[in-house]
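Participant:
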Amino acid sequence: MDQDVAAKEQPRYIKLNERDNVAIVVNDFGLPAGSRFASGLTLRAFVPQGHKTALVDIAQDAPIVRYGEIIGYALSPILAGEWVDEARIRMPEAPALDKLEISTAVPAPLPPLEGFTFEGFRNTDGSVGTKNILGISSSVQCVKGTMEYAVKRIRAELLPKYPNVDDVVPLTHAYGCGVAINAPDAVVPIRTLQNIAQNPNFGGEILVISLGCEKLAPERLVPEGVNDAIVRMQDEAFDGFGAIVDAIMTQAEARLKILNTRTRETCPASDLVIGLQCGGSDAFSGVTANPALGFAADLLVRAGATVMFSEVTEVRDAIQLLTRRAINEDVGRALVREMAWYDSYLARGGADRSANTTPGNKKGGLANIVEKSLGSIVKSGSSAITGVLSPGEKATQKGMLFAATPASDFICGTLQLASGMTLQVFTTGRGTPYGLAAAPVIKVATRTELARRWKDLIDFDAGGIATGEKTIEETGWDLFRLILDVASGRTKPWSDRWGIHNDLTLFNPAPVT
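In my numbering, the protein residues as written are 858 to 1370.
(1) Identify the residues that DSSP records as bridge partners of Trp940: which are they?
(2) Per DSSP, what kind of secondary structure is Phe1337 in: helix, strand or coil?
(3) Does the Cβ of Ala1191 have 16 or more other Cβ atoms within 10 Å, making it buried, or fewer, making it exposed?
(4) Enumerated in chain order, which unbroken segments of the alpha helix (DSSP H) with a length of 4 residues or greater are wholly contained in the stretch 1002-1077?
(5) How far does the alpha helix (DSSP H) with Ser1352 in it extend, from its first residue to its last?
(6) Find the nearest neighbour of Thr1120 within the set Asn980, Ala1224, Val1045, judged by alpha-carbon distance.
(7) Indicate the three-state DSSP secondary structure (helix, strand or coil) for Met1165 in the structure shown.
(8) Taking only the alpha-carbon atoms, compute the straight-line gap between Ala837 and Ser1127 and give it to the nearest angstrom.
(9) In terms of DSSP beta bridges, what is Gly1277 paired with?
(10) Go ahead and label Asn1147 buried or exposed: buried means 16 or more other beta carbons lie within 10 angstroms of its beta carbon, across all protein chains shown.
(11) Leaving out five residues on either side along the sequence, give the residues of the same chain with a beta carbon under 7 Å from the beta carbon of Glu943.
(12) Quick one: which unbroken beta strand (DSSP E) runs of 3-plus residues sit fully inside the stretch 1187-1253? Chain order, please.
(13) Do Gln1281 and Val1301 have their C-beta atoms closer together than 8 Å?
(14) If you scan the stretch 1111-1164 from start to end, which runs of the alpha helix (DSSP H) of 4 or more residues do you find wholly inside it?
(15) Could you give the C-beta distance for Ala1377 and Ile959, rounded to a whole number, given that I count them as a contact under 8 Å?
(16) For Leu1274, count neighbouring C-beta atoms within 10 Å of its own C-beta (all shown protein chains included) and say buried if the count is 16 or more, exposed if not.
(17) Pick out whichever of Lys1001, Ile1047, Pro1041, Ile1101 has its Cα sitting closest to the Cα of Thr1029.
(18) In three-state DSSP terms, what is Ile1299?
(19) How close, in whole Å, do the beta carbons of Glu1071 and Ser994 come, if the pair is a contact with beta carbons under 8 Å?
(20) Does the distance from the C-beta atom of Ala1162 to that of Lys1255 stay below 8 Å?
(21) Pull up the distance between the alpha-carbon of Thr1107 and that of Glu1014, whole angstroms please.
Rendered as structure tokens:
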């Protein structure tokens, strides 16, 4: 479809809140000047799909309002029907962290949702995986090439003998030596590696490949009392590279034998640990995919599951909406603590939260990080925020949690895995082939046009909300059921079908020596 065809369709826009003085264009490929909406508003210029048009005249320095919140101020007068692009908006200051309301609007508990189950792999510690994977960790980047060589042989020579095991995943990273291992912030990458190895999808079978001289001693990556889970390349007993690889394969096969005895069993939905993330966002993210995911998240919370949302810079400018939902003062203060820590982290690097918004975000209609944040937090649903996790910290409670992470897709995914996430739902408006080897990733499109064009990369289409074909509630229920199906292994997301998986990326705010 080109612009001429699109222009013949009924012009449509979406206004989200009574207070809004802008709305986004719904029609694929945008609308030309002269397009007249049912409300009587006529466009004065071409407006791309997802971009904003003024609903009324907006004076210079007057607020521009979307989601019922101020997303900026007009740099010059804007007439009704004009395109309100990013160049016409002055971004407001971030909410002051010392003036936030805390626990002033705690939502009432949602009614329990009973009877929903999935088929998962139960572990001896009570956790439940959605995959059955052998994860092999490295203690230092130096061994990455050896690990990848060994894993290639394990997959080819050993894995076919153990059909109940889904995969062998190398947990490699660029850390472990040449770093300030005892610096206070080094706790972040170290606990991330410790907790990833214990992700429920790995079944408790830990194997670490070490060089032997690195600062990050491999013993720090295995639980206390586990003494046979480390292969050191510099061990003098090894005679050549082949002997090292043989030792890795021997250790791997011992664990594959154990993992192969695991089978799926019926588990309550309360055993799920679900991560929520968005990437390649557009102006529809906060209209279709994220509201639908927020509704599904509420269903998961009602079913007793653990659900986590993340990305500090993508909630920072809407933090006032989250602290009010904090279940108590401690949780509210923890939210403030993580925002303050990240403000300081960005300042040390000479950056601020405005650097978050990408060229693709802007092309998709998001003017700035304020607008992006308001659409991002919608995926957290409407339940109380029951806990806050620092980067890489393991989740130990149920309900809706905020897991503090950078907004980078790869770092966020890595940290959510460390927090115990066993399935991730990833919303996108621009499209991405993102995937994780350690957990299934359901990719949700904000627009039907994207879902159709990327029919073999996108798993779920939320675009019908924008066109009125489906409600948020209907779409949320459909997504909830898909989550249960993917967690059960009944449905395989496209990233797993293609084997498209991103590398783990550690967050290391500590110095590199």
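For each residue, glycine too, the CB sits at the ideal point set by N, CA and C. The structure displayed is predicted, hence computed values, not measured ones.
Facilitator: Once the coordinates are examined:
(1) Within the sequence shown, numbered from 1, the residue matching residue 940 stands at position 83. Answer by DSSP bridge pairing, in chain order: Thr910.
(2) Stepping through the sequence shown from its first residue, residue 1337 is reached at position 480. DSSP places Phe1337 in helix when its eight states are reduced to three.
(3) Start at 1 with the first residue of the sequence shown, and residue 1191 comes out as number 334. That one is buried.
(4) 1044-1053
(5) Taking the sequence shown and counting its residues from 1, the one referred to as residue 1352 is at position 495. Where Ser1352 is concerned, the enclosing alpha helix (DSSP H) stretches over 1351-1355.
(6) Mapped onto the sequence shown, residue 1120 falls at position 263. The residue with the shortest Cα to Cα distance from Thr1120 is Asn980.
(7) Counted from its first residue, the sequence shown places residue 1165 at position 308. DSSP places Met1165 in strand when its eight states are reduced to three.
(8) This structure leaves residue 837 out entirely; the chain is present only between 858 and 1370.
(9) As a working mapping, residue 1277 is identified with position 420 in the sequence shown. In DSSP, Gly1277 forms no bridge with anything.
(10) Locating residue 1147 in the sequence shown gives position 290, counting from the first residue. Label assigned to Asn1147: buried.
(11) Taking the first residue of the sequence shown as 1, we reach residue 943 at position 86. Correct list, in chain order: Lys1219, Ala1224, Asn1225.
(12) 1242-1246
(13) What you label residue 1281 is simply residue 424 of the sequence shown in a count that begins at 1. What you label residue 1301 is simply residue 444 of the sequence shown in a count that begins at 1. No, they are not a contact pair.
(14) 1146-1159
(15) In this structure the chain extends from 858 to 1370, so residue 1377 is not present and cannot be described.
(16) Position 417 of the sequence shown holds residue 1274. The residue is buried, with at least 16 neighbouring Cβ atoms inside 10 Å.
(17) Looking up residue 1029 in the sequence shown gives position 172. Out of Lys1001, Ile1047, Pro1041, Ile1101, Lys1001 has the C-alpha closest to the C-alpha of Thr1029.
(18) Here the question's residue 1299 lines up with position 442 in the sequence shown. In the structure shown, Ile1299 sits in a strand (DSSP, three-state: E or B).
(19) Within the sequence shown, numbered from 1, the residue matching residue 1071 stands at position 214. Within the sequence shown, numbered from 1, the residue matching residue 994 stands at position 137. With 8 Å as the limit, Glu1071 and Ser994 do not qualify as a contact, their Cβ atoms being about 13 Å apart.
(20) Taking the first residue of the sequence shown as position 1, residue 1162 is located at position 305. Taking the first residue of the sequence shown as position 1, residue 1255 is located at position 398. Yes; because the gap between Cβ atoms is below 8 Å, this pair is in contact.
(21) Numbered from 1 along the sequence shown, position 250 holds the residue referred to as residue 1107. Numbered from 1 along the sequence shown, position 157 holds the residue referred to as residue 1014. One C-alpha to the other measures close to 12 Å.
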